[in-house]
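Read the structure below first, then the notes.
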Amino acid sequence: MRAQHLAESLKNKSEWGIDIIGHLDPDESRVGTKVLDKRVLGTVEDICEILKQNVVDDVILAIPRSMLKDVEDIAHECEEEGIKLRFMADVYDIEVPRISLTQVDDIPLLTMEPVSLDENMLMVKRFIDLILVIIALPIALPLYAIIAIAIKLDSPGPVFFIQERVGFKKRLFPMIKFRSMVIDAEDRIKDIEHLNEAGGPIFKISDDPRLTRVGRFIRKTSLDELPQLINVLKGEMSLVGPRPMSIRDVDLFDRGIQRKRFSVKPGLTCLWQVSGRSSLPFSKWLELDLNYIENWSLFLDFKILLKTLPAVISSKGAM
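Taking this note's numbering, the leading residue of the sequence shown gets -14, the next gets one more, and so forth.
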């Protein structure tokens, strides 16, 4: 009844823009039934798999006090996935960076956020992204043209390589790069997977045989990443943030605290790229990504941006 009452109240708060994708119920026999036209997706024990298989921004708990023992596990799961948790019950012994209280009619909701990011400062970050990209794009256009012509003269195939990457809240988006490899590069991964030099799920070969002549140069200088200014303009990426991972890489790396990296927008440059770049092991990449998220500030963004150009010029490891 409490969950149904809350669902009805949220339905009446259309200005909040909340779309309930489904419910969980402690009674397994109710799985598959509907509550206010939304399906019961599973039991509380199924939450880990449900969060993995769906795009979820918030989890709202409306449970009786007899189920408080389950809250801590659910809270830790949401914290690791980078998902906000709201609940209608007192919770104890859980440490999260930010807790806030909101009200739906007469129902208090306590919100636990896995990362403490100031919404106003994030708006300023987005504004800075737009200003810098609008300034940079006209300057970069002649370079775009030169690189495009060089790619077409060097090898058959399109100028751009567009690949789905996992972005903010695990939403997929088409990341744009200048093509640096032969057109069947993706099909040849299995043939050369044994040459992988990167730890963890990341696939990287310093002397990749799939690179074209022009591709080798633009990869070394990171010029192949320039088209991602379009992704920043569209709001799919930010100038600074954890680098977007491919679906393959995300499927391969372990679940856990690493997934908090999806709680912010991916970036064109990031902390590990100015701290040794691809010479760092995968575990250090993740550590620096989490360090960036947990200590984010506009000052840190500017610091990373200022360090990016020297890192690129010195060629300390392009992606």
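Ideal placement from N, C-alpha and C gives every residue a C-beta, glycine not left out.
Helix, strand or coil for residue i per DSSP?
i: residue 200; result: helix
i: residue 302; result: Confidence at residue 302 is low in this model, with a pLDDT of 45, below 50, so the placement of that residue should be treated as unreliable; the coordinate-derived value is given next. Three-state DSSP puts residue 302 in coil, outside helix and strand.
i: residue 225; result: strand
i: residue 166; result: strand
i: residue 75; result: Residue confidence for residue 75 is low, a pLDDT of 49 falling below 50, so the modelled location carries little weight; the figure read from the coordinates is stated next. Here residue 75 sits in coil by DSSP.
i: residue 6; result: coil
i: residue 159; result: strand
i: residue 89; result: strand
i: residue -2; result: coil
i: residue 219; result: coil
i: residue 211; result: coil
i: residue 16; result: coil
So, for residue i: in the same chain, excluding its five sequence neighbours on each side, which residues have a beta-carbon less than 8 Å away from its beta-carbon?
i: residue 69; result: 42, 43, 44, 63, 96, 97, 98 and 99
i: residue 13; result: 28
Between which residues of its own chain and residue i is the CB-CB distance below 7 Å, once the five residues before and five after are set aside?
i: residue 143; result: 164
i: residue 39; result: 6
i: residue 260; result: 273
For the beta strand (DSSP E) holding residue i, just list the boundary residues, first then last.
i: residue 43; result: 43 to 46
i: residue 189; result: Run containing residue 189: none; DSSP gives neither H nor E here.
Between which two residues does the alpha helix (DSSP H) holding residue i run?
i: residue 244; result: Neither: residue 244 is in no alpha helix (DSSP H) and is coded neither H nor E.
i: residue 273; result: 267 to 279
i: residue 233; result: 232 to 237
i: residue 24; result: Element bounds for residue 24: not the alpha helix (DSSP H) but the beta strand (DSSP E), 23 to 27.
i: residue 253; result: That residue, residue 253, is in no alpha helix (DSSP H); its beta strand (DSSP E) goes 252 to 254.
i: residue 61; result: 56 to 66
i: residue 36; result: 32 to 38
i: residue 176; result: 174 to 177
Considering only residues of the same chain and omitting the five flanking positions on each side of residue i, which have a CB-CB separation below 6 Å?
i: residue 33; result: 62
i: residue 76; result: Note that residue 76 scores a pLDDT of 48, beneath 50, so its modelled location is shaky; the value from the coordinates is reported in the next line. Correct list, in chain order: 56.
i: residue 286; result: 225
i: residue -12; result: 47
Could you round the C-beta distance between residue i and residue j to whole angstroms and report it? I think they count as a contact, below 8 Å.
i: residue 213; j: residue 162; result: 7 Å
Kindly indicate if chain B contains any beta-carbon less than 8 Å away from that of residue i.
i: residue 252; result: Absent from the structure is chain B; it holds one protein chain and no more.
Handout entry: In chain order, each beta strand (DSSP E) run of at least 3 residues that lies wholly inside the region 91 to 150
Key = Listed in chain order, they are 92 to 98.
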